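Okay, so here's the structure we're looking at.
In my numbering, the protein residues as written are 243 to 351.
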């Protein structure tokens, strides 16, 4: 887990989870809305990516709702794409029919 603080106030966090011997998943990430679009999410991701590399992982993955279903998730998808994640697979019923799961991956090598 990595966290972002401004002065003595936590404003964001990101947790990684091992999903295989070579892969870690960006399991959950959050930044207080008042601090969106200030580079905090990107900084959290870069710190977590360094942790994943230091622990010997070859890949990162992240799951979100497929682009085009909800505007707020479209912004999330665009954020992950801007970090360098690539589309891997859509699992239409992993969660439920109204929330098709988009899986993104990234090589750390």
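The C-beta atom is built at its ideal place from N, Cα and C for all residues, glycine as well. Bear in mind that the values here come from a model prediction, so they are computed numbers and not experimental data.
Is the CB-CB distance between residue 323 and residue 287 below 8 Å?
The answer is no: Cβ separation not under 8 Å.
Beta-carbon contacts of residue 321 that lie in its chain and below 8 Å, excluding the five residues immediately before and after:
283
Could you give the residue range of the alpha helix (DSSP H) that holds residue 316?
313–325
Exposed unless 16 or more other CB atoms sit within 10 angstroms - verdict on residue 268:
buried
Host beta strand (DSSP E) of residue 268 (start-end):
265–273
Could you tell me which residues DSSP puts in a beta bridge with residue 348?
In the DSSP output, where bridge partners are listed per residue, residue 348 has 302.
C-alpha gap between residue 296 and residue 334, whole angstroms
33 Å
Going by C-alpha distance, which of 263, 272, 260 and 261 is nearest residue 252?
Checking every option, the nearest Cα to that of residue 252 belongs to 272.
Alpha carbon of residue 331 to alpha carbon of residue 304, nearest angstrom:
11 Å
Host alpha helix (DSSP H) of residue 283 (start-end):
Annotation: the continuous alpha helix (DSSP H) that includes residue 283 extends over 282–296.
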